[in-house]
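Here is the structure we will look at, set down as C-alpha cells.
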Amino acid sequence: MRFTFEYIEAEYQALLDMGYRFVTCQDAFDQFRVEGVVNGGAPTVINRVDVDFSLVRAGRLAAIYNALGVSATFFIRLHAKEYNPFDFENFRHLRMIQSAGHEIGYHSEIVDQAAIWDESAHTALMRDLAVMEAMLGTPMRGVASHGGLTGLNNLDFWAEHKASEFGLSYEAYQDGLMEASRYISDSEWVRWKAYDKGHRMDDDHRSPSQHAEEDRIPLIYLLIHPDTYYDRHIYEN
Numbered sequence: 051m052r053f054t055f056e057y058i059e060a061e062y063q064a065l066l067d068m069g070y071r072f073v074t075c076q077d078a079f080d081q082f083r084v085e086g087v088v089n090g091g092a093p094t095v096i097n098r099v100d101v102d103f104s105l106v107r108a109g110r111l112a113a114i115y116n117a118l119g120v121s122a123t124f125f126i127r128l129h130a131k132e133y134n135p136f137d138f139e140n141f142r143h144l145r146m147i148q149s150a151g152h153e154i155g156y157h158s159e160i161v162d163q164a165a166i167w168d169e170s171a172h173t174a175l176m177r178d179l180a181v182m183e184a185m186l187g188t189p190m191r192g193v194a195s196h197g198g199l200t201g202l203n204n205l206d207f208w209a210e211h212k213a214s215e216f217g218l219s220y221e222a223y224q225d226g227l228m229e230a231s232r233y234i235s236d237s238e239w240v241r242w243k244a245y246d247k248g249h250r251m252d253d254d255h256r257s258p259s260q261h262a263e264e265d266r267i268p269l270i271y272l273l274i275h276p277d278t279y280y281d282r283h284i285y286e287n
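Just remember that the working numbering sits 50 ahead of the position in the sequence shown, which is counted from 1.
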C-alpha cells in the first residue's frame, strides 16, 4: 500500500527541496529543440501525466500540483470505456486542470481505432484532434501514444510520421528527449521503472527522488498515471 496520494506528494516535495524545477512537455520540447537542453541544463523534471482510467484522480493530482506550484502536462483519452471526458464531473475536473495553467494533450489510440473501426489512423487522428480542440477551446500542441489491450502499438504510426505533419508541436516519444533524460515511470502499478538515455535500467525500482538524490540526474522525464494512486487502497472509486 505504498502508492498513496500522500506518498507521491512527498516525492514531488523532495524533488523541489533538491532544487528541481518542473516543466510541461510543451516547454521541454520547445527548449530542447532550440537549445539542446532543458532549463539551461539546471535540474529539471518534465512532468507528464497519462490519464488512462480516471479523470477524478487526475483532478486529485492537479490539486497537489497547484498546492506545490508545479506545472504538468495531462494527456486525455477520448475512447476509454473507463471515463467519458464530457461527463459532468469529468469535464469539471478537466476544466479545472486547464484553468490552473496545466497543459492538456491528446492520449492517442489511433492504431487501435484504425483496426477496430476499419479506417485510416490519419482519419482517426484528425477527427480526435478536432474534437479535443472544440472541447477545450484551444489548439492541441502535443500527443502521447496510449498502450492498450489490443496488442497493437499506437506508437507504430509515428515511426513514419512527424507531429508537425498534423499541426502538432510534438509526439511525447519523439525528438530525442527520451535519449537525453532519465525516464522514470509508475506504469508497473506497484513499483517504479526507469530508462537511462533510452536504455532500460534492469531491476531498478527506485523512486524519482531516490534517482535524483543518488545519481544527481540533471533531466528527469517523469511519467505517472493518476490511476496508480489512492488514499487507502487501489480499488477506491
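Quick reminder that beta carbons are idealized off the backbone N, C-alpha and C, glycines included.
Because the structure is a prediction, the values reported are computed rather than measured.
| task | Under 8 Å Cβ to Cβ from Ala209, same chain only, skipping five residues before and after it: list those, please. | result | Taking the first residue of the sequence shown as position 1, residue 209 is located at position 159. No residues qualify anywhere along the chain.
| Exposure label - Leu199; buried when at least 16 CB within 10 Å | Translated into positions along the sequence shown, residue 199 becomes position 149. Its Cβ having fewer than 16 others within 10 Å, Leu199 is exposed.
| task | Go ahead and pull the three-state DSSP assignment for Arg71. | result | Here residue 71 corresponds to residue number 21 of the sequence shown, with the count starting at 1. Three-state result, Arg71: strand.
| query | Between His152 and Thr123, which are expected to be in contact by the criterion C-beta below 8 Å, what is the C-beta distance as a whole number of angstroms? | reply | As a first step, residue 152 is located in the sequence shown; it is residue number 102 there, counting from the start. As a first step, residue 123 is located in the sequence shown; it is residue number 73 there, counting from the start. With a contact defined as Cβ atoms closer than 8 Å, His152 and Thr123 qualify at about 7 Å.
| Limits of the unbroken beta strand (DSSP E) element including Asp246 | Start at 1 with the first residue of the sequence shown, and residue 246 comes out as number 196. Here the beta strand (DSSP E) through Asp246 covers 243-246.
| said: Can you list, in chain order, the residues of its chain with a C-beta nearer than 8 Å to that of Thr54? Leave out the 5 residues immediately preceding and following it. | reply: One-based indexing of the sequence shown puts residue 54 at position 4. The answer, listed in chain order, is Tyr279, Tyr280, Asp281, Arg282.
| said: Between the alpha carbons of Ala244 and Ala113, how many angstroms are there, rounded? | reply: Counting from one through the sequence shown, the residue named residue 244 turns up at place 194. Counting from one through the sequence shown, the residue named residue 113 turns up at place 63. If I take the Cα positions, the gap works out to 26 Å.
| said: Tell me which residue opens and which closes the alpha helix (DSSP H) that His172 is part of. | reply: Start at 1 with the first residue of the sequence shown, and residue 172 comes out as number 122. Run containing His172: 171-186, per the alpha helix (DSSP H) assignment.
| message | For Thr74, count the other beta carbons within 10 Å of its own beta carbon; 16 or more makes it buried, fewer makes it exposed. Which is it? | response | Reading the sequence shown from its first residue, position 24 is the one you call residue 74. Answer is buried; the Cβ neighbour count reaches 16.
| task | Count the other C-beta atoms from every protein chain shown that fall within 10 angstroms of the C-beta of Val240, then say buried if there are 16 or more, exposed otherwise. | result | Locating residue 240 in the sequence shown gives position 190, where the first residue counts as 1. It counts as exposed.
| Those residues which DSSP pairs with Glu221 across a bridge | Residue numbering aside, residue 221 sits at position 171 when the sequence shown is read from its first letter. DSSP lists Val193 as partners of Glu221.
| query | When you compare only the Cα positions, how much space is there between Arg83 and Ala230? | reply | The residue you call residue 83 lines up with position 33 of the sequence shown. The residue you call residue 230 lines up with position 180 of the sequence shown. Using only the alpha carbons, I get a separation of about 12 Å.
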